[in-house]
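Engineer: Residue numbers (numbering that gives the first Met the number 0), protein chains in the order written: chain A, 0 to 169; chain B, 0 to 276.
We put the beta carbon where it would ideally sit given N, CA and C, even for glycine.
The structure follows.
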Amino acid sequence: MIFYLLTLLLAFSVIILQRTFVDLLFAGKISLELSLMLVIFAGFNFEEVRGGIFAALTGFVFDCLSGAVMGLYTFFYVIVFFLTRLLTNRIYSEQMFFIMIFTFLCVLLEGLYIVVLYKSVFDVNMSYNLYRVFLPQALVAGVLSPALFAGLNYLEVLFHAGDRRSTESL
Amino acid sequence: MFFFKKYQRLAIAFVFIVASLALLSYHLKRPGQVGFFKKVAMETASPVEKGIHSAFRGLGDVWGRYLFLVGLESENRDLKKKIADLQNEINSYREMYYEVGRLKKILSLEETMIYSTVAARVVSNERSSLFKTIIIEKGTDDGIVEGLPVVTSQGIVGRIIESSWNVSRVLLVTDYNSNIDALVQGSRAQGILQGGGPQLCRLKYVQRTDEVKPGDTLVTSGLGGIFPKGLVLGMIATAEKRETGLFQHVEVMPAVDFTKLEEVLVLIPERSKEKRR
């Protein structure tokens, strides 16, 4: 239960951070989707049920706060999580270059998904955003992903060390 | 049991994907529906976002004030001159306003709708997002409901698309999902203003025969029932008659600077006046 509450809190905090601090940091020019990077990290590290819930919850919170149609990010984050799981089981995914390329492709895939969905459902042409918004976003996310993943790995180790200490003291 | 163990991962993935797809499909069929969880999320996030934005705005203001001290005197002189010019302009408009009033009386025309306004502070304005929306700190408790127009002194900002108890989401005119019936002020050419991303909007369905040129002001036509007639939407940036096609390609620069939005007014229709006989 604590895991799910923490997940919700983490998703909420990360999304607020990317909507405020990161947006102000990049002066509104580039959107950096930390939540998607977190879902990719979960794909590399979490097992199916916990990771699936984490991805779905993060997507749901983002849907609630972004103003997009509900379910848009929930569906995509779940897909990205299981796609990452699929790859993790088949290839060695700890390499920095692989993480960069994979994050880059996931952000581009997200852009393509939104453009296709809006065109097919609402007949709104957003293709202009693919190279104007999503390409720079994918590049920045790709470049920053190894550092973010290293930081998250460090936090995970700390968290587990704390867990072990509290178990030993019992 | 063996079958389930073998395909356990696949089954879990299938359940998650189908559930999230069902959520998406449900909301694609019913866009604009605001659920309880969405309201709670908006209510929870808005104070935090407001706090962060206020802190950054405060820092920006301090820096801005310091910079503005440089060259203040010459700017002051320019502004005084501008005020004098604008005062003259207001006087001529006032004359025209009274004249229109008299003519309306003669022609027995009357405004059918009267609007009251609710001022609201902008809580969140994520500029880099693909979906151009802002969150304001007034909700259903203040009489704000979906569909109400939102304006500033510069012109139209957008319309309310989601409202919670204390906060509401405004769809900006620059969002792709925004469509507003519009008129070019001089030529009365009609079209639909659609959002086109960060800066420009597109005025669709303008006839090739209509006269539209850069610099013309675009106002709301009053058709569609959401926006009152005559509110400023923006200025024509480019107008192009391509070799093929029935319509002109017109781009519009919105009147409102969405990057500097701090306060807005929500227009609430009060009552319909009875037509005088």
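Restricting to Cα atoms, I'd like to know which of B:A181, B:S152, B:I135 is closest to I160 (chain B).
Structural biologist: Locating residue 160 (chain B) in the second sequence gives position 161, where the first residue counts as 1. When each option's Cα is compared against that of I160 (chain B), the closest is B:I135.
Engineer: Does chain A have any CB closer than 7 Å to the CB of V249 (chain B)?
Structural biologist: For this step, residue 249 (chain B) is matched to residue 250 along the second sequence. Chain A, which has no Cβ nearer than 7 Å to the Cβ of V249 (chain B), makes this no.
Engineer: Flag D22 (chain A) as yes if its beta-carbon sits less than 7 Å from any beta-carbon of chain B, otherwise no.
Structural biologist: To locate residue 22 (chain A), count along the first sequence from 1; it is residue 23. So yes, D22 (chain A) belongs to the interface.
Engineer: Find the residues of chain B that neighbour F74 (chain A), judging by a C-beta separation of less than 8 Å, and give them in chain order.
Structural biologist: The sequence position of residue 74 (chain A) within the first sequence is 75, counting from 1. Correct list: I16, S19, L20, L22, L23.
Engineer: So for G233 (chain B), helix, strand or coil by DSSP?
Structural biologist: Residue 233 (chain B) sits at position 234 when you count from the first residue of the second sequence. Looking at G233 (chain B) - three-state DSSP - the assignment turns out to be strand.
Engineer: Using the Cα positions of R275 (chain B) and K103 (chain B), report the straight-line distance between them to the nearest angstrom.
Structural biologist: Position 276 of the second sequence, counted from the start, is the residue given in the question as residue 275 (chain B). Position 104 of the second sequence, counted from the start, is the residue given in the question as residue 103 (chain B). Because the pLDDT of R275 (chain B) is 37, which lies under 50, any placement of that residue in the model is unreliable, and the number read from its coordinates should be weighed accordingly. The alpha-carbon atoms of R275 (chain B) and K103 (chain B) are separated by roughly 12 Å.
Engineer: What are the start and end residues of each continuous alpha helix (DSSP H) run of 4 or more residues lying completely inside the region 35-107 of chain A, in chain order?
Structural biologist: The DSSP assignment places complete alpha helix (DSSP H) segments of no fewer than 4 residues inside the region 35-107 of chain A at 47-65, 71-87, in order along the chain.
Engineer: Alpha helix (DSSP H) containing I29 (chain A): first to last residue?
Structural biologist: Within the first sequence, the letter at position 30 stands for residue 29 (chain A). Neither: I29 (chain A) is in no alpha helix (DSSP H) and is coded neither H nor E.
Engineer: Tell me Y114 (chain B)'s beta-bridge partners as DSSP assigns them.
Structural biologist: As a first step, residue 114 (chain B) must be located in the second sequence, where it is residue number 115. For Y114 (chain B), which the question treats as bridged, DSSP gives the partners B:P268.
Engineer: Within the 7 Å Cβ cut-off, does I40 (chain B) reach chain A?
Structural biologist: On the second sequence, position 41 is the one that residue 40 (chain B) refers to. In the sequence under discussion, the amino acid at residue 40 (chain B) is Ala, which differs from the Ile named in the question. Chain A, which has a Cβ nearer than 7 Å to the Cβ of A40 (chain B), makes this yes.
Engineer: State the Cα-Cα distance for the pair F74 (chain A) and V117 (chain B), rounded to the nearest angstrom.
Structural biologist: On the first sequence, position 75 is the one that residue 74 (chain A) refers to. On the second sequence, position 118 is the one that residue 117 (chain B) refers to. When rounded, the distance between both Cα atoms is 37 Å.
Engineer: How is S167 (chain B) classed by DSSP in three states: helix, strand or coil?
Structural biologist: Position 168 of the second sequence, counted from the first residue, corresponds to residue 167 (chain B). Strand at S167 (chain B).
Engineer: Which of the three DSSP states, helix, strand or coil, is assigned to S128 (chain B)?
Structural biologist: Indexing the second sequence from 1 puts residue 128 (chain B) at position 129. Three-state DSSP puts S128 (chain B) in coil, outside helix and strand.
Engineer: Is C63 (chain A) close to chain B, meaning its C-beta is less than 7 Å from at least one C-beta of that chain?
Structural biologist: Along the first sequence, read from residue 1 onward, the residue named residue 63 (chain A) stands at position 64. Interface residue, yes.
Engineer: For L151 (chain A) and L33 (chain A), I'd like the C-alpha separation in whole angstroms.
Structural biologist: In the first sequence, residue 151 (chain A) corresponds to position 152, counting from 1. In the first sequence, residue 33 (chain A) corresponds to position 34, counting from 1. Each residue's Cα considered, the two are about 12 Å apart.
Engineer: First and last residue of the alpha helix (DSSP H) that includes L8 (chain A)?
Structural biologist: Within the first sequence, numbered from 1, the residue matching residue 8 (chain A) stands at position 9. Boundaries of the alpha helix (DSSP H) around L8 (chain A): 1-18.
Engineer: So which residues of chain A does G27 (chain B) contact, with C-beta pairs closer than 7 Å?
Structural biologist: Numbered from its first residue, the second sequence carries residue 27 (chain B) at position 28. This sequence places Leu at residue 27 (chain B); Gly is not what is there. By Cβ distance, chain A contributes V68, V120.
Engineer: Comparing the C-beta of E109 (chain A) with each C-beta of chain C, is any distance below 7 Å?
Structural biologist: This model lacks chain C altogether; the protein chains it does include are A and B.
Engineer: Any beta carbon from chain B within less than 7 Å of E46 (chain A)'s own beta carbon?
Structural biologist: By one-based count along the first sequence, residue 46 (chain A) stands at place 47. No - not a single Cβ of chain B is within 7 Å of the one on E46 (chain A).
Engineer: According to DSSP, what are the bridge partners of A54 (chain B)?
Structural biologist: Against the second sequence, residue 54 (chain B) aligns to sequence position 55. According to DSSP, A54 (chain B) bridges with nothing at all.
Engineer: What span of residues does the alpha helix (DSSP H) with S126 (chain A) cover, start to end?
Structural biologist: In the first sequence, counting from the first residue as 1, residue 126 (chain A) sits at position 127. It is not in any alpha helix (DSSP H) - S126 (chain A) carries neither H nor E in the DSSP assignment.
Engineer: Since E250 (chain B) and T258 (chain B) should fall inside the 8 Å C-beta cutoff, what is the C-beta to C-beta distance between them, to a whole number of angstroms?
Structural biologist: Translated into the one-based positions of the second sequence, residue 250 (chain B) becomes position 251. Translated into the one-based positions of the second sequence, residue 258 (chain B) becomes position 259. About 19 Å; that fails the 8 Å criterion.
Engineer: Within 10 Å of its beta-carbon, does F40 (chain A) have 16 or more other beta-carbons around it, so buried, or fewer, so exposed?
Structural biologist: For the purposes of this step, residue 40 (chain A) is identified with residue 41 of the first sequence, where counting begins at 1. It counts as buried.
Engineer: Where do the N-terminal and C-terminal ends of the beta strand (DSSP E) with A188 (chain B) fall, by residue?
Structural biologist: Taking the first residue of the second sequence as position 1, residue 188 (chain B) is located at position 189. First-last for A188 (chain B): undefined, no H or E at that position.
Engineer: Spatial neighbours of Y3 (chain A) within its chain, please: CB distance less than 8 Å, with the 5 preceding and 5 following residues excluded, ordered by chain position.
Structural biologist: Within the first sequence, numbered from 1, the residue matching residue 3 (chain A) stands at position 4. If we look at Y3 (chain A) and ignore the five residues flanking it on each side, its Cβ neighbours are I52, L56.
Engineer: Which residue's Cα is closest to the Cα of Y169 (chain B): B:K37, B:E145, B:Q153?
Structural biologist: The residue you call residue 169 (chain B) lines up with position 170 of the second sequence. It is Val, not Tyr, that sits at residue 169 (chain B) in the sequence shown. Closest option to V169 (chain B), Cα to Cα, is B:E145.
Engineer: Note down the Cα distance separating L35 (chain A) from I133 (chain B), rounded to an integer number of angstroms.
Structural biologist: Position 36 of the first sequence, counted from the first residue, corresponds to residue 35 (chain A). Position 134 of the second sequence, counted from the first residue, corresponds to residue 133 (chain B). Rounded to the nearest angstrom, the two C-alpha atoms are 22 Å apart.
Engineer: For the alpha helix (DSSP H) containing G100 (chain B), name the first residue and the last one.
Structural biologist: In the second sequence, the residue the question calls residue 100 (chain B) occupies position 101. G100 (chain B) -> alpha helix (DSSP H) spans 71-106.
Engineer: Put K49 (chain B) into one of helix, strand or coil per three-state DSSP.
Structural biologist: As a first step, residue 49 (chain B) must be located in the second sequence, where it is residue number 50. Correct three-state label for K49 (chain B): helix.
Engineer: Assign D180 (chain B) to one of three DSSP states: helix, strand, or coil.
Structural biologist: On the second sequence, residue 180 (chain B) is found 181 positions in, with the first residue counted as 1. D180 (chain B): strand per DSSP, three-state reduction.
Engineer: Any beta carbon of chain B sitting closer than 7 Å to that of I100 (chain A)?
Structural biologist: Residue numbering aside, residue 100 (chain A) sits at position 101 when the first sequence is read from its first letter. Taking Cβ atoms only, chain B never reaches closer than 7 Å to I100 (chain A), which makes this a no.
Engineer: Candidates A:L138, A:F121, A:M0: which alpha carbon is nearest A67 (chain A)'s?
Structural biologist: What you label residue 67 (chain A) is simply residue 68 of the first sequence in a count that begins at 1. Taking only the C-alpha atoms, the option nearest A67 (chain A) is A:F121.
Engineer: Counting contacts by CB-CB distance shorter than 7 Å, is T204 (chain A) in contact with chain B?
Structural biologist: Within the shown structure, residues of chain A are numbered from 0 to 169, placing residue 204 (chain A) beyond reach of any answer.
Engineer: Using a Cβ-Cβ cut-off of 7 Å, state whether R49 (chain A) counts as contacting chain B.
Structural biologist: Taking the first residue of the first sequence as position 1, residue 49 (chain A) is located at position 50. No, no contact with chain B.
Engineer: In angstroms with no decimal places, state the Cα-to-Cα distance between S73 (chain B) and A40 (chain B).
Structural biologist: Residue numbering aside, residue 73 (chain B) sits at position 74 when the second sequence is read from its first letter. Residue numbering aside, residue 40 (chain B) sits at position 41 when the second sequence is read from its first letter. Answer to the nearest angstrom: the Cα atoms are 48 Å apart.
Engineer: Quick check on this structure: which residue in B:E42, B:G142, B:L27 has the alpha carbon closest to the alpha carbon of S264 (chain B)?
Structural biologist: The residue you call residue 264 (chain B) lines up with position 265 of the second sequence. Note on residue identity: the sequence assigns Leu, not Ser, to residue 264 (chain B). Out of B:E42, B:G142, B:L27, B:G142 has the C-alpha closest to the C-alpha of L264 (chain B).
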